[in-house]
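Engineer: Chains as they are written, first to last, in my numbering: chain R, 857 to 1067; chain X, 857 to 1067. Note that CB positions come from ideal geometry on N, CA and C, so glycine has one too. Given the structure is predicted, the values throughout are model-derived calculations rather than measurements. Okay, handing you the structure first.
Protein chains: 2
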Amino acid sequence: RDILGKNNRSAKHNRFHFEEAGITALNLVSSPGSGKTTLLEATLKTIKHQQHCYVIEGDQQTTHDADRIAATGCEVVQINTGKGCHLDAEMIHRALHQLNPQPHALVFIENVGNLVCPAMFDLGEKARVAIISVTEGDDKPLKYPDMFESSQLCIINKIDLLPYVNFSVARAKAFAHQVNPKIEFIELSATSGQGMDEWLAWLNNLVNASH
Amino acid sequence: RDILGKNNRSAKHNRFHFEEAGITALNLVSSPGSGKTTLLEATLKTIKHQQHCYVIEGDQQTTHDADRIAATGCEVVQINTGKGCHLDAEMIHRALHQLNPQPHALVFIENVGNLVCPAMFDLGEKARVAIISVTEGDDKPLKYPDMFESSQLCIINKIDLLPYVNFSVARAKAFAHQVNPKIEFIELSATSGQGMDEWLAWLNNLVNASH
Ligand SMILES: Nc1nc2c(ncn2[C@@H]2O[C@H](COP(=O)(O)OP(=O)(O)OP(=O)(O)O)[C@@H](O)[C@H]2O)c(=O)[nH]1
Ligand SMILES: Nc1nc2c(ncn2[C@@H]2O[C@H](COP(=O)(O)OP(=O)(O)OP(=O)(O)O)[C@@H](O)[C@H]2O)c(=O)[nH]1
Ligand SMILES: [Mg+2]
Ligand SMILES: [Mg+2]
Ligand SMILES: [Zn+2]
Ligand SMILES: [Zn+2]
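What follows is the structure in structure tokens.
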């Protein structure tokens, strides 16, 4: 089936748009409820005065996540996929023309909560960030390998809950490295703020690399 | 596309197999890491002497979950879906002919961790049980409605962690009822054992209804 072929052509087109305008696009992927929106809220509140940001939200239904992002003052577009299990490059292309991001902006794409299907769909992003929560178990990188294989960064979120769960950070990292030796890690808590400095520094490096 | 049509025919065939032999089949669905395998381990250890059980495990990769189930002494088959994001009725049909469950058995099917795609694929089960963890946020029933609409029971798991997260049980239930007014709820902790009695009683009723 040529679905992936067509998607890759559309992703290339998006990437051309982004690079032409010096825009850094990120694709945030995770299981449902790992903390993508919470991390975005905390990030936007901190950097909104130094960096022009936009958000594209993907969910089966509701505008819950877009409403939370709008409340930070950030421009956001909500895509509802209905029965669809992932965002694709064409949806992003349409959203981009709605948002009309300024040159040198930072565009966050929050994908549908799903560790499987979004792995196959390039959106034209500069980097893909997989988020796992310490409450989900440390075996996810091996059980859902495609997503970790295709991500540059793995955020281990909700580390404030580590004392209450049997999650081994070392094991999760070893499993992720088995699938993708180049993947980087950041441990953080989107609610307590621990590790946010490291994440903001990583973002800063990525944005500077785009100019 | 006739994928769903073909799957429904295969599901009907499975259901015929099950009803013919008085077998109760359950389809457990959730996000990755909500606690499906942990719940099965706790359940099997408690009922293995009164009820003949079998498990069919679904994951993209690894036999981690089947190994955990086998360690309880229960017969289990692992299905690896590769790039596939859900179990389908044909996969279950093949697994059934491998397991050859005895009449009046209880067959648990643990689906791939994914709140989207498995909702569309009937496996021939008697009941579908959606599990949400209090660590995922209480908005999931509205954001991923198809899965809750097609489930008879919603287990709210990891209630031992409620003191550490901002999850409202009442809100989650109200959202699930908005999508499916008939859905039932059980609050439990698969690790502390709280609520397990209610779950075992629910299972017992289901099995007795099959005879
Ligand atoms: N304790 C703790 N809770 C967190 C953290 N990050 C997020 N949460 C909670 O986790 C739940 C889900 O967070 P969201 O940000 O909505 O997760 P999401 O990945 O955007 O969810 P979807 O968009 O539905 O896939 C909420 O109850 C958050 O408050 C964290 O670092 N620590
Ligand atoms: N605190 C607490 N942790 C739990 C509970 N149930 C499961 N866990 C933990 O949650 C993590 C994931 O549990 P699993 O049973 O592997 O989840 P799963 O739904 O089978 O995961 P997948 O098969 O990968 O989708 C593990 O670290 C478990 O120990 C619970 O009731 N309370
Ligand atoms: Mg979100
Ligand atoms: Mg499991
Ligand atoms: Zn899918
Ligand atoms: Zn048959």
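Kindly list the residues whose CB is nearer than 7 angstroms to the CB of A867 (chain X), restricted to its own chain and excluding five residues on each side of it in sequence; keep chain order.
Structural biologist: So the list reads A945, D978, L979, G980, once near-sequence residues are dropped.
Engineer: Where do the N-terminal and C-terminal ends of the beta strand (DSSP E) with T880 (chain R) fall, by residue?
Structural biologist: Note, T880 (chain R): beta strand (DSSP E), 880–886.
Engineer: So which residues of chain X does K868 (chain R) contact, with C-beta pairs closer than 7 angstroms?
Structural biologist: The premise fails here: K868 (chain R) is roughly 22 angstroms from chain X at the closest Cβ pair, so nothing lies under 7 angstroms.
Engineer: Can you give me the start and stop residues for the alpha helix (DSSP H) that N1061 (chain X) sits inside?
Structural biologist: Unbroken alpha helix (DSSP H) run through N1061 (chain X): 1052–1066.
Engineer: Output the boundary residues of the alpha helix (DSSP H) element that contains Q954 (chain R).
Structural biologist: Residues 945–955.
Engineer: Please decide whether G889 (chain X) counts as near chain R, where near means a Cβ-Cβ distance under 7 angstroms.
Structural biologist: By this cut-off, G889 (chain X) is an interface position.
Engineer: What does Q916 (chain R) reach in chain X if we use C-beta pairs closer than 8 angstroms?
Structural biologist: Going along chain X in sequence order, the residues near Q916 (chain R) (Cβ under 8 angstroms) are V972, K999, Y1000, P1001, D1002.
Engineer: Run down chain X in chain order and give the residues with a C-beta less than 7 angstroms from the C-beta of G993 (chain R).
Structural biologist: Those are G889, listed as they occur along chain X.
Engineer: Hey, out of X:D1016, X:S1024, X:F1004, whose CA is closest to V1021 (chain R)'s CA?
Structural biologist: Among X:D1016, X:S1024, X:F1004, the Cα nearest to that of V1021 (chain R) is on X:D1016.
Engineer: Going by beta carbon distance, what residues of the same chain come within less than 6 angstroms of D858 (chain R), once the five residues before and after it are set aside?
Structural biologist: Nothing meets the Cβ criterion.
Engineer: So, do the stretch 898–913 of chain X and the stretch 934–953 of chain R have three or more beta carbon pairs nearer to each other than 8 angstroms?
Structural biologist: Judged by Cβ distances under 8 angstroms, the stretch 898–913 of chain X makes no contact with the stretch 934–953 of chain R, as fewer than three pairs qualify.
Engineer: Do you know how far the Cα of S1045 (chain X) is from the Cα of L842 (chain X)?
Structural biologist: Any answer about residue 842 (chain X) is impossible in this case: the structure gives chain X only from 857 up to 1067.
Engineer: Using a Cβ-Cβ cut-off of less than 7 angstroms, list which residues of the stretch 977–990 of chain X approach chain R; keep chain order.
Structural biologist: The stretch 977–990 of chain X vs chain R, Cβ under 7 angstroms: S989.
Engineer: Does chain R have any CB closer than 7 angstroms to the CB of H920 (chain X)?
Structural biologist: With 7 angstroms as the cut-off, H920 (chain X) counts as an interface residue toward chain R.
Engineer: A926 (chain X): which of X:T894, X:H953, X:M947 sits nearest, CA to CA?
Structural biologist: Cα-wise, what sits closest to A926 (chain X) is X:T894.
Engineer: Helix, strand or coil: which one does DSSP assign to A867 (chain X)?
Structural biologist: A867 (chain X): helix per DSSP, three-state reduction.
Engineer: Smallest Cα separation from C930 (chain R): which of R:T918, R:E897, R:C1010?
Structural biologist: Checking every option, the nearest Cα to that of C930 (chain R) belongs to R:E897.
Engineer: Are at least three pairs of beta-carbons, each pair with one atom in the stretch 909–922 of chain X and one in the stretch 991–1006 of chain R, less than 8 angstroms apart?
Structural biologist: Because the criterion of three Cβ pairs below 8 angstroms is met, the stretch 909–922 of chain X and the stretch 991–1006 of chain R touch.
Engineer: Should S887 (chain R) be listed as close to ligand 2, given that the test is whether its C-beta is under 6 angstroms from any heavy atom?
Structural biologist: Not under cutoff, so the answer is no.
Engineer: Could you say if the stretch 1029–1049 of chain R and the stretch 1000–1016 of chain R meet the contact criterion of at least three C-beta pairs nearer than 8 angstroms?
Structural biologist: Yes, they touch.
Engineer: Quick one: what's S989 (chain R) bridged to in DSSP?
Structural biologist: Per DSSP, R:N1013.
Engineer: Would you say H1010 (chain R) faces chain X, with C-beta separation under 7 angstroms as the test?
Structural biologist: Position check: residue 1010 (chain R) holds Cys in this sequence, whereas His was assumed. Not an interface residue.
Engineer: Of the residues that make up the stretch 1017–1029 of chain R, which ones have a beta carbon closer than 8 angstroms to any beta carbon in chain X?
Structural biologist: Those would be L1017, Y1020, V1021, in chain order.
Engineer: In this structure, does DSSP put E875 (chain R) in helix, strand or coil?
Structural biologist: Helix at E875 (chain R).
Engineer: Can you tell me which residues fall inside 5 angstroms of ligand 4, judged by beta-carbon distance to its nearest heavy atom, and keep chain order?
Structural biologist: This selection yields X:K892, X:T893, X:D921.
Engineer: Looking at L943 (chain X) and N967 (chain X), is the spacing between their C-beta atoms short of 7 angstroms?
Structural biologist: Yes; because the gap between Cβ atoms is below 7 angstroms, this pair is in contact.
Engineer: Between the alpha carbons of S1007 (chain X) and S886 (chain X), how many angstroms are there, rounded?
Structural biologist: Looking at the two C-alpha atoms, the distance is approximately 11 angstroms.
Engineer: With respect to the alpha helix (DSSP H) encompassing Q934 (chain X), which residues constitute its N-terminal and C-terminal limits?
Structural biologist: That residue, Q934 (chain X), is in no alpha helix (DSSP H); its beta strand (DSSP E) goes 931–936.
Engineer: When DSSP labels each residue in this structure, what does F1031 (chain R) get in the three-state scheme?
Structural biologist: DSSP places F1031 (chain R) in helix when its eight states are reduced to three.
Engineer: R950 (chain R): which of R:N870, R:S989, R:L1056 sits nearest, CA to CA?
Structural biologist: Out of R:N870, R:S989, R:L1056, R:N870 has the C-alpha closest to the C-alpha of R950 (chain R).
Engineer: Using the rule of at least 16 other Cβ atoms within 10 Å of the residue's Cβ for burial, across every protein chain shown, is R984 (chain X) buried or exposed?
Structural biologist: R984 (chain X) should be labelled buried.
Engineer: Please name the residue, chosen from X:E913, X:C973, X:I987, that lies closest to F964 (chain X) on a Cα-to-Cα basis.
Structural biologist: Comparing Cα-Cα distances from F964 (chain X) to each of X:E913, X:C973, X:I987, the minimum goes to X:E913.
Engineer: Give me the residue from X:Q954, X:A1030, X:S989, X:M947 with the minimum Cα distance to L1018 (chain X).
Structural biologist: The candidate whose alpha carbon is nearest that of L1018 (chain X) is X:S989.
Engineer: CB-CB under 6 angstroms to V911 (chain R), same chain, minus the five flanking residues each way: which ones, in chain order?
Structural biologist: So the list reads I925, C930, V932, F964, once near-sequence residues are dropped.
Engineer: From V1063 (chain R) to F872 (chain R), what distance separates their C-alpha atoms?
Structural biologist: Spanning the two alpha carbons is a distance of roughly 16 angstroms.
Engineer: Rounded to a whole number of angstroms, what is the C-alpha to C-alpha distance between Q954 (chain R) and G889 (chain X)?
Structural biologist: Straight-line Cα distance between these residues: approximately 36 angstroms.
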